[in-house]
Amino acid sequence: MTPPRVHTMPVTLTALDVDFTERWRPSAILTAMEKCATEHAELLGYGRDALLSRQLIWVMSRTHVRMDRYPVLNDQVLLRTWAYPPNRFFYPRCHVFETPQGEWLGAASTLWLAIDLAARQVVAPARAALPSPPDVSDIALPLPVPDRVTRLPGPADETVRLPVYSDLDVNGHVNNARYVDWLCDSLPLHVHKARAIHNLLINYTKEILPSTPVRCTLCLQENAFSMLGEARDGGQVFFEAGGDLMPCAQTHPGL
Numbered sequence: 000m001t002p003p004r005v006h007t008m009p010v011t012l013t014a015l016d017v018d019f020t021e022r023w024r025p026s027a028i029l030t031a032m033e034k035c036a037t038e039h040a041e042l043l044g045y046g047r048d049a050l051l052s053r054q055l056i057w058v059m060s061r062t063h064v065r066m067d068r069y070p071v072l073n074d075q076v077l078l079r080t081w082a083y084p085p086n087r088f089f090y091p092r093c094h095v096f097e098t099p100q101g102e103w104l105g106a107a108s109t110l111w112l113a114i115d116l117a118a119r120q121v122v123a124p125a126r127a128a129l130p131s132p133p134d135v136s137d138i139a140l141p142l143p144v145p146d147r148v149t150r151l152p153g154p155a156d157e158t159v160r161l162p163v164y165s166d167l168d169v170n171g172h173v174n175n176a177r178y179v180d181w182l183c184d185s186l187p188l189h190v191h192k193a194r195a196i197h198n199l200l201i202n203y204t205k206e207i208l209p210s211t212p213v214r215c216t217l218c219l220q221e222n223a224f225s226m227l228g229e230a231r232d233g234g235q236v237f238f239e240a241g242g243d244l245m246p247c248a249q250t251h252p253g254l
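Shown next, in the form of structure tokens:
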């Protein structure tokens, strides 16, 4: 059977998928994206088991998520995803988020890498020789390919995170969605009550392994933010995140 060019996955938001405002939690968006992409990759012949047979794993390198409207508790969301042919290093993949009625909620553009499991090094697509995705040249990018994060100048709030059990995934490093939790944890609650993330860009520079302290510095200027995650001595950057906020009233009246 020919694998689908575009894979669709329905999600009904439960209490585990939303935050205290009852909006879809940003990290849960990335978790749903990963599940949808994994399902499609399996259909295309390069899912986790296929990669492990070659001693490879998938690792997200960059992502740009744009939410124009947030679904809330008990809403159903349709995720649609498709893959573009790899370039010199990256495997591009896009997502669109819609209601069952076809109303636009948001979109995401991601870049993935194939990593050698033993050496923890990037394997170029030409060497990985994975199956080519179906032709989607007629489908426009919903968002541009993720770019570099722009660091905001000025004072920043600093925290140190030490990866714990709930941060780690099956690959033995901090999961890509947990970086978003670290960012959201750094934003004050009053910000979350009145505003929501509109654009979120993350550059994953180096994987974070257990027992690695990470110094996270957040700069918030009106509706713009940026976060740098680096080693405590400043010698290694692990990730950078940035974006902007939009007005979005909370739906839960009791907080």
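Residues in the sequence shown are numbered from 0 upward in steps of one, following numbering that gives the first Met the number 0. For each residue, glycine too, the CB sits at the ideal point set by N, CA and C.
Residue i at chain D interface by Cβ criterion, 8 angstroms
i, result
"histidine 39", "In the structure shown, chain D does not exist; there is a single protein chain."
Close beta carbons around residue i, own chain, < 7 angstroms, minus the five adjacent residues each side
i, result
"arginine 147", "Asn202"
"arginine 160", "Trp181, Val213 and Cys215"
"arginine 24", "Asp16, Val17 and Asp18"
"histidine 172", "Glu206, Ile207 and Leu208"
"leucine 140", "Cys93 and Ser108"
"proline 133", "Pro2 and Arg4"
"isoleucine 28", "Val64"
"alanine 36", "Thr80 and Arg92"
"glutamine 54", "Asp115, Leu116 and Ala117"
"threonine 30", "Ala176"
Residue i, enclosing beta strand (DSSP E) - first and last residue
i, result
"tyrosine 203", "194-203"
"serine 225", "223-229"
"alanine 240", "236-246"
"valine 71", "No beta strand (DSSP E) holds valine 71; DSSP gives it neither H nor E."
"valine 10", "6-11"
Bridge partners - residue i, DSSP secondary structure assignment
i, result
"proline 213", "Residue 213 is actually valine in this sequence, not proline. Its beta-bridge partners are Arg160."
"valine 17", "Trp23"
"leucine 208", "Its beta-bridge partners do not exist; DSSP assigns none."
"leucine 167", "Val173"
"leucine 77", "Pro9 and Glu97"
"leucine 219", "Phe224"
Element boundaries [alpha helix (DSSP H), containing residue i]
i, result
"valine 58", "That residue, valine 58, is in no alpha helix (DSSP H); its beta strand (DSSP E) goes 55-66."
"proline 25", "25-43"
"serine 185", "175-185"
"aspartate 48", "47-51"
Minimum C-alpha distance to residue i - residue among the options
i, options, result
"glutamine 100", "Trp111, Gly234, Asn86 and Gln75", "Gln75"
"threonine 158", "Glu102, Gly228 and Asp137", "Gly228"
"leucine 42", "Trp57, Gly242, His6 and Ser210", "His6"
"phenylalanine 88", "Leu244, His197 and Trp57", "Trp57"
"proline 130", "Leu110, Phe237, Pro154 and Leu50", "Leu50"
"aspartate 48", "Ser136, Arg150, Tyr90 and Asn170", "Asn170"
"alanine 127", "Leu116, Glu239 and Ser136", "Leu116"
"threonine 211", "Cys183, Pro162 and Leu199", "Pro162"
"leucine 200", "Leu244, Ser52, Ile138 and Leu12", "Leu244"
"serine 136", "Ala113, Ala82 and Tyr69", "Ala82"
"phenylalanine 96", "Pro9, Glu38 and Ile138", "Pro9"
"aspartate 168", "Leu12, Thr13, Glu33 and Thr11", "Glu33"
"leucine 110", "Asn174, Arg61, Ala195 and Cys247", "Arg61"
"proline 152", "Glu221, Tyr69 and Gly44", "Glu221"
"threonine 186", "His197, Asp156 and Tyr164", "Inspection of the sequence shows that residue 186 is occupied by leucine rather than by threonine. The option with the nearest alpha carbon to leucine 186 is Asp156."
"histidine 39", "Leu78, Thr13 and Tyr69", "Leu78"
Residues of its chain near residue i, where Cβ-Cβ distance is below 6 angstroms and the 5 sequence neighbours each way are ignored
i, result
"serine 26", "Ala176, Val179 and Asp180"
"proline 124", "Pro85"
"methionine 66", "Gly105"
"valine 236", "Thr204 and Glu229"
"glutamate 239", "Val148, Asn202 and Leu227"
"asparagine 174", "Asp168"
"serine 52", "none"
8 angstroms Cβ shell around residue i - same chain, five flanking residues per side excluded
i, result
"proline 143", "His63 and Ser108"
"threonine 149", "Ser225 and Gly241"
"arginine 119", "Glu206"
"proline 154", "Cys218"
"tyrosine 45", "Leu129 and Pro130"
*Whole runs of the alpha helix (DSSP H) within the stretch 79-152, excluding any shorter than 4 residues*: Within the stretch 79-152, the alpha helix (DSSP H) runs of at least 4 residues that lie entirely inside it are, in chain order, 124-127.
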